[in-house]
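Sequence positions in the sequence shown follow the UniProt record's numbering and run 1 to 769.
Take a look at the structure set out below.
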Amino acid sequence: MSAEIAATTEFHPHSSHWGVFSAALRDGELLVRPHPGDPDPNDIIQNFPSALRHPARIAQPMVRRGWLERGPGPDRRRGRDEFVPMPWDAVLDLLGGELRRIRDSHGPGAVFGGSYGWASAGRFHHAQSQIHRFLNSAFGGYVASVNSYSSGAASVIVPHILGNYEELTKHNVTWEQVAQHSEMVLAFGGMALKNSMVAGGGISEHVERGAMQAARERGCDFVLVSPLRGDLPEEVGAEWIANIPGTDTALMLALVHTLVTEGLHDQAFLDRFTTGWPVFERYLLGEADGQSKDAKWAAPITGVAAEAIRTLARRLHGRRVLVTVAHALQRAEHGEQPVWMGAVLAAALGQIGLPGGGYGYALGAIGYYGRRANAVPGPTLSQGRNRHGNYIPVARIADMLLNPGTQYRYNGQTRTYPDIRLVYWAGGNPFHHHQDLNRLRQAFARVDTLVVHELAWTATARHADIVLPATMTLEREDIGYSSHDPLMVAMHRIAEPYGEARDDYDIFAGLSGRLGVAEAFTEGRTSREWLHHLYARTQQGLRDQGLPAPDFEEFWAAGTLRLPQGPDDGGPWRAFREDPEANPLPTPSGRIEIFSETIAGFGEASCPGHPAWLPPDEIPGAGTPLHLVANQPATRLHSQLDFGDHSIGSKRRGREVASMHPADAAARGIADGDVIRLFNDRGACLAAVRLTPEIRPGVVQLATGAWYDPEDPEDDRPLCVHGNPNVLTRDAGTSALAQGCTGQLTVVEVERFTGNLPPIRAFDPPQAR
Ligand SMILES: Nc1nc2c(c(=O)[nH]1)N[C@H]1C(S)=C(S)[C@@H](COP(=O)(O)OP(=O)(O)OC[C@H]3O[C@@H](n4cnc5c(=O)[nH]c(N)nc54)[C@H](O)[C@@H]3O)O[C@H]1N2
Ligand SMILES: Nc1nc2c(c(=O)[nH]1)N[C@H]1C(S)=C(S)[C@@H](COP(=O)(O)OP(=O)(O)OC[C@H]3O[C@@H](n4cnc5c(=O)[nH]c(N)nc54)[C@H](O)[C@@H]3O)O[C@H]1N2
Ligand SMILES: [Mo]
1 MSAEIAATTE FHPHSSHWGV FSAALRDGEL LVRPHPGDPD PNDIIQNFPS ALRHPARIAQ
61 PMVRRGWLER GPGPDRRRGR DEFVPMPWDA VLDLLGGELR RIRDSHGPGA VFGGSYGWAS
121 AGRFHHAQSQ IHRFLNSAFG GYVASVNSYS SGAASVIVPH ILGNYEELTK HNVTWEQVAQ
181 HSEMVLAFGG MALKNSMVAG GGISEHVERG AMQAARERGC DFVLVSPLRG DLPEEVGAEW
241 IANIPGTDTA LMLALVHTLV TEGLHDQAFL DRFTTGWPVF ERYLLGEADG QSKDAKWAAP
301 ITGVAAEAIR TLARRLHGRR VLVTVAHALQ RAEHGEQPVW MGAVLAAALG QIGLPGGGYG
361 YALGAIGYYG RRANAVPGPT LSQGRNRHGN YIPVARIADM LLNPGTQYRY NGQTRTYPDI
421 RLVYWAGGNP FHHHQDLNRL RQAFARVDTL VVHELAWTAT ARHADIVLPA TMTLEREDIG
481 YSSHDPLMVA MHRIAEPYGE ARDDYDIFAG LSGRLGVAEA FTEGRTSREW LHHLYARTQQ
541 GLRDQGLPAP DFEEFWAAGT LRLPQGPDDG GPWRAFREDP EANPLPTPSG RIEIFSETIA
601 GFGEASCPGH PAWLPPDEIP GAGTPLHLVA NQPATRLHSQ LDFGDHSIGS KRRGREVASM
661 HPADAAARGI ADGDVIRLFN DRGACLAAVR LTPEIRPGVV QLATGAWYDP EDPEDDRPLC
721 VHGNPNVLTR DAGTSALAQG CTGQLTVVEV ERFTGNLPPI RAFDPPQAR
């Protein structure tokens, strides 16, 4: 081992969700530099040096005093209590005993182990895989979560109407096609370069900027529909249509209305490749409900002038058009509708399946979309089989904890929330990702026990009963791999674990031992042996294709391995277009479903049988006149390493920065750089403000990811002094169909904060005695 550590004074390869890099530790200082082959690397890796040994790291196992003294049970002191340090052996004995108690008296159906979250890039130490494997192999199952916060609505509706969801984002229109073929890109929600910085498992080449530039230089026009000008890179010279947030479906309807009434739509395509157009057309033209969905109708809803809508529709005709819809649009009330309507718009233009044309759902949202797939299998740790089988749609967690035994609708089913006693989290931060955090605090107060593995004192760790310190990725060996990036990375260990931190794997191995089934979890392998084992699959894949297949030691010494990739063939929609009978889509009709019998049959008013404009409940009004856009942050991934220098460097006066239009600020006596208070009925937070004309008036933007920092934790609805927008967002599903996350949009009022500025304590470790 000492040789390994000494070697880290040289640069060694490592990887992260935001880029492949190499790192060295010299005189206690961590140095990082991006992968030399990356044409457009980003600075998020610069969060590592200051984060590695930051006091926000968790140094030793901790148990909440109230839980220790009074035992497991509902407790509103969670998040307010102090912690007691405990040696590893003792804490693992304690937790092993609690897991046995829960299993013996309530069964695996009382454990919520969904543990949603991005964790880190290495595929073996991937925390979600580790925790699920542990709960399946050593505990006997758990209540899981399905779908994601990213695409909760899209991933449920797409199989009904278009086909395979994974293929839609990962085997469809690529950046190569955009660079070569697109003549017009109509991007709803844009394709912000800040977002494509990130790809799960690691990314070695950020190609988006280059591809858009190449398209632009070839003459491709870009049109950005978004409340924020920055959602497409400046280089593409996009025309900016700043619609009212949450109204894209109405805008798309009016575009299709104009196409149809002016005879500019592709009826032949609709007839051959879709089903249900006539039903939808009756709605579009107002024959069904007396309201034609024309540009004049859409103008006051969308805030876009009727003539601008008509002009745009006419420009779409007769060109190779790519329609993109950002994930953000479906992370909102009725989020299913813009996903569906975007497909209908692309179909009405007759573009689906053409190179560089059609429907690029979520293109640009994440770095592994719009790429070629690797042609050999990658390393993935088997999670085993969950014998329990119950699940919730992921964003219904607080609902589940607060309402055991209550029924809810999901994807045509009536389901019942389980009665959860123990919640176990590793590799995610619900106090980052969930909505209405004050409600989430109440929900977590209901359980007997909350267990969290974390590398740092996130609010989730602070609300836990048992906190187990996990290593940071730099402190262990792993393999970096993403299904759509050609570089597999030998992630070398760069630093010793912080304090007493252990790998999630070692923690679960220890717990499996306490449950008497160590081998079931470990299969007798050390971490290094697991890396060999996981690598063997890729090696075999290379061999099968007659390609050079270095053995593990060679791969490890070389640091990276370039993998073969598949063709850029347009995926199922190209094949379908070429021969719809031979290559039907995996929808009930085999076609694009503009009307879905299945969805209509579910009978949900919140998601009818064809795309429709369903006015949202939450709209600006008295008391909360502004829209809040709570989007992804540019200087970090979610809440990860928010205490790192690069993330801190983007803050002002220690707080997250909100963007506002100068006119909205002037009306409230707010100046650039002021600290503002954002509030609504659910909560309030502080942020520093940046004034910019590049945001639609009436809209405030505050990115997610600033660590929740309650001014007075004793309060039931404390002020977050740091700028976490999820104290403001609403905890409601997209619809009864998908029950997806709706965190992107809410409504607020804003005022200049005039009190004494409270200190930021989010990164100070909690009281320990
Ligand atoms: N309002 C609003 N809310 C949103 C969104 C929005 O648009 N608006 N977006 C949503 C989306 S798309 C997503 S995907 C979610 C993301 O939500 P999350 O994925 O939960 O967010 P992260 O901050 O990435 O949380 C990962 C946590 O894992 C920890 N971690 C990292 N590596 C390891 C490890 O090896 N072991 C362990 N034990 N822990 C580790 C990190 O320290 C971090 O706290 O947020 C959602 N929330
Ligand atoms: N740097 C960085 N990159 C990331 C992440 C991160 O945390 N940091 N997270 C990653 C993850 S997990 C995911 S799922 C993706 C998320 O991908 P997205 O959900 O697409 O990303 P967002 O930044 O939340 O939203 C994109 C833009 O949509 C616009 N928008 C919001 N509401 C509306 C609307 O109603 N109509 C229109 N037309 N536009 C609207 C906003 O201006 C916003 O900037 O990003 C990924 N990329
Ligand atoms: Mo996401």
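Note that beta-carbon positions come from the ideal geometry of N, C-alpha and C, so glycine has one too.
From this set, the options, which residue's C-alpha is nearest residue i's C-alpha?
i: PRO713; options: LEU437, PRO87, TYR368 and ALA154; result: LEU437
i: THR302; options: ALA288, LEU251, ARG331 and HIS334; result: LEU251
i: GLU10; options: ALA495, PHE280 and PRO693; result: ALA495
i: ALA470; options: GLU477, GLN442, VAL489 and ASP504; result: ASP504
i: VAL339; options: HIS453, ARG653, VAL223 and ILE592; result: ILE592
i: TRP425; options: TYR142, HIS627 and SER196; result: TYR142
i: PRO486; options: GLU205, ILE161 and ALA192; result: GLU205
i: ASN429; options: HIS453, GLU604 and ARG415; result: HIS453
i: LEU354; options: ALA518, ARG314, GLY743 and HIS181; result: HIS181
i: ASP506; options: ARG70, ARG525 and GLY499; result: ARG525
i: LEU745; options: ASP551, GLN435, VAL323 and ALA395; result: GLN435
i: ILE352; options: LEU186, THR522, LEU511 and ASN172; result: ASN172
i: ARG761; options: LEU737, LEU719, GLY740 and ALA736; result: LEU719
Tell me whether residue i sits in a helix, a strand or coil according to DSSP, three-state version.
i: GLU29; result: strand
i: ARG103; result: helix
i: HIS463; result: coil
i: GLU749; result: strand
i: LEU135; result: helix
i: ALA3; result: Any reading at ALA3 is ruled out, since the residue's pLDDT is 37, under 50, leaving its predicted position unreliable.
i: ASN374; result: strand
i: SER16; result: strand
i: ALA582; result: coil
i: ARG123; result: coil
i: ALA23; result: strand
i: SER145; result: strand
i: ASP436; result: coil
i: PRO49; result: helix
i: THR249; result: helix
i: THR449; result: strand
i: PRO393; result: strand
i: SER129; result: helix
i: PRO766; result: coil
i: HIS627; result: strand
i: residue 844; result: Since the first residue shown for the chain is 1 and the last is 769, residue 844 is missing from the structure and cannot be characterised.
i: ALA738; result: coil
Distance, Cα to Cα, residue i vs residue j?
i: PHE643; j: ALA56; result: 7 Å
i: LEU284; j: LEU253; result: 7 Å
i: GLN267; j: VAL256; result: 12 Å
i: ASN726; j: GLY286; result: 38 Å
i: PRO74; j: THR734; result: 29 Å
i: GLN177; j: GLY356; result: 5 Å
i: SER606; j: HIS35; result: 47 Å
i: GLU477; j: PRO567; result: 32 Å
i: LEU316; j: CYS220; result: 12 Å
i: TYR369; j: SER105; result: 45 Å
i: ARG53; j: LEU312; result: 53 Å
i: GLY163; j: GLY571; result: 11 Å
i: TRP88; j: GLY358; result: 55 Å
i: PHE508; j: PHE124; result: 13 Å
i: ARG78; j: ARG331; result: 29 Å
i: PRO41; j: GLY19; result: 7 Å
i: THR473; j: LEU30; result: 13 Å
i: GLN128; j: ALA144; result: 11 Å
i: MET197; j: ARG101; result: 44 Å
i: ARG717; j: ASP731; result: 15 Å
i: GLY590; j: PHE139; result: 41 Å
So with Cβ pairs under 7 Å, would you call residue i a contact of chain D?
i: ASP448; result: Note that chain D does not occur in the displayed structure, where there is just one protein chain.
Pair every Cβ in the region 234-241 with every Cβ in the region 372-379, then say whether three or more of these pairs are closer than 8 Å. Segment contact: the region 234-241 against the region 372-379, fewer than three CB-CB distances shorter than 8 Å; contact not assigned.
So does the region 409-416 actually touch the region 698-710, counting three or more Cβ pairs closer than 8 Å? no
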